[in-house]
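Below: one structure, written as structure tokens.
Numbering (the working numbering), first residue to last: -9 to 335.
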């Protein structure tokens, strides 16, 4: 969830109406996530059940720093983790490498190994899971060594020798060099560390350029950006397929807010199928496997005695054709019927 609380109602409404009954947010500004979760719990606004981390922790000036989660050194990291837990964090998220935040090194590690180990140890001491944003190989390796419970993106980039100066190049030019590492994939598989590959975020951007091209010719900057996006998406499909083959558990996660709008989670599941996962496995990755990766599979993710009775009725069989997820006919949140645009069809 990346929007301020004043925008929570339409975002959460569209998300719940699309059939998402539990939403894990992976980084929000300030205390936004905690406030929105409280508003839902008290019935002030309608929305899916929220599993929140609040501010994603990062180094000073690191990826996501405007959210307010800057922390440095093992002691600073431990203090920041405890503060988040005090405010109501369900789990802890860290930016282990740079990312799309302006002027941050995209694929370079942003925290030292001792800082990451301190974060994981602190989160686990309080019975919480630790999740890492990691796009570069060294950052991924550090996260595996530190014992993280999940890795987001996991893009297998080697950092460039030097970062661009005095300003960053166009989008996609500062990712570093794609270099899939089988040894890291084996460690992820052997350690049972699931990966959230966020497939649709690139596909969504490609579709936006395709729509623009239908309306008018692309200018030179747009053509350059499109070429980079196409290359990045091809790399993402490549490592998705290799991770799948290596036996790494792949978890559906849309990265909504950074690209795809909320309420389009079915597109992420569809993208995973297009990349080579079976419809049944993709559906499981969006339900039971996601819940298990977050440590909440005793409450949500499947239908069983003692679970919270979240049920979504669709027209068709999504275990055979995931496009059925886009035709929602009924939603039950905790056993209670939820009205939505497709009701009564």
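Cβ atoms here follow ideal geometry from the backbone N, Cα and C, with glycine treated the same way. None of the values given here were measured: they were computed from a predicted structure.
For a test of the three-state rule: what should DSSP assign to residue i, helix, strand or coil?
i           : result
residue -9  : Annotation note: pLDDT 33 at residue -9 (below 50); position unreliable, no value reported.
residue 240 : strand
residue 115 : helix
residue 81  : coil
residue 247 : coil
residue 123 : strand
residue 5   : helix
residue 286 : coil
residue 295 : coil
residue 99  : strand
residue 215 : helix
residue -3  : Since pLDDT at residue -3 reaches only 40, below the 50 mark, its modelled position is unreliable, and the value read off the structure follows with that caveat. Note: residue -3 maps to helix in three-state DSSP.
residue 167 : strand
residue 91  : coil
residue 307 : coil
residue 228 : helix
residue 21  : coil
residue 104 : helix
residue 336 : Because the chain is modelled from -9 through 335, residue 336 falls outside the range shown and cannot be assessed.
residue 208 : coil
residue 252 : coil
Using beta-carbon positions only, say whether residue i and residue j come within less than 9 Å of one another.
i           : j           : result
residue 295 : residue 318 : no
residue 188 : residue 143 : yes
residue 83  : residue 46  : yes
residue 8   : residue 52  : no
residue 250 : residue 258 : yes
residue 109 : residue 141 : no
residue 12  : residue 321 : no
residue 137 : residue 120 : yes
residue 222 : residue 190 : no
residue 61  : residue 132 : no
residue 279 : residue 312 : no
residue 238 : residue 283 : no
residue 68  : residue 112 : yes
residue 126 : residue 104 : no
residue 117 : residue 91  : no
residue 145 : residue 226 : yes
residue 253 : residue 49  : no
residue 266 : residue 298 : no
residue 212 : residue 229 : no
residue 39  : residue 307 : no
residue 179 : residue 236 : yes
Taking the continuous alpha helix (DSSP H) assigned at residue i, which residues delimit it?
i           : result
residue 129 : 127 to 136
residue 177 : 172 to 180
residue 263 : 255 to 264
residue 319 : Counting along the chain, residue 319 falls outside any alpha helix (DSSP H), though it belongs to the beta strand (DSSP E) covering 318 to 323.
residue 183 : Here residue 183 belongs to no alpha helix (DSSP H), and DSSP marks it neither H nor E.
residue 270 : 269 to 275
residue 152 : That residue, residue 152, is in no alpha helix (DSSP H); it is neither H nor E in DSSP.
residue 200 : 190 to 205
Over the uninterrupted beta strand (DSSP E) stretch that includes residue i, give me the two end residues.
i           : result
residue 148 : 140 to 148
residue 326 : 326 to 328
residue 14  : 12 to 14
residue 304 : 301 to 304
Would you grab the beta carbon distance between residue i and residue j for me? Rounded to a whole angstrom, and I think it's under 8 Å.
i           : j           : result
residue 256 : residue 263 : About 11 Å separates the two Cβ atoms, so there is no contact after all.
residue 338 : residue 81  : Outside the shown range of the chain, which is -9 to 335, sits residue 338, and nothing can be said about it.
residue 281 : residue 291 : 3 Å
residue 58  : residue 24  : Not quite, the Cβ-Cβ distance comes to about 12 Å (not below 8 Å), so this is no contact.
residue 304 : residue 315 : 6 Å
residue 97  : residue 41  : Not a contact, Cβ separation roughly 28 Å.
residue 185 : residue 233 : 6 Å
residue 195 : residue 219 : 6 Å
residue 29  : residue 6   : Contact doesn't hold; Cβ gap of about 14 Å is too wide.
residue 241 : residue 183 : Actually they are not in contact, since the Cβ atoms of residue 241 and residue 183 sit about 11 Å apart, beyond 8 Å.
So that I know if they touch, is there some Cβ in chain D lying closer than 9 Å to that of residue i?
i           : result
residue 312 : Annotation note: the requested chain D is absent from the structure, which comprises a single protein chain.
Quiz prompt | Minimum length 4: unbroken alpha helix (DSSP H) runs contained in the segment 28 to 67 | solution = The segment 28 to 67 contains no complete alpha helix (DSSP H) run of 4 or more residues.
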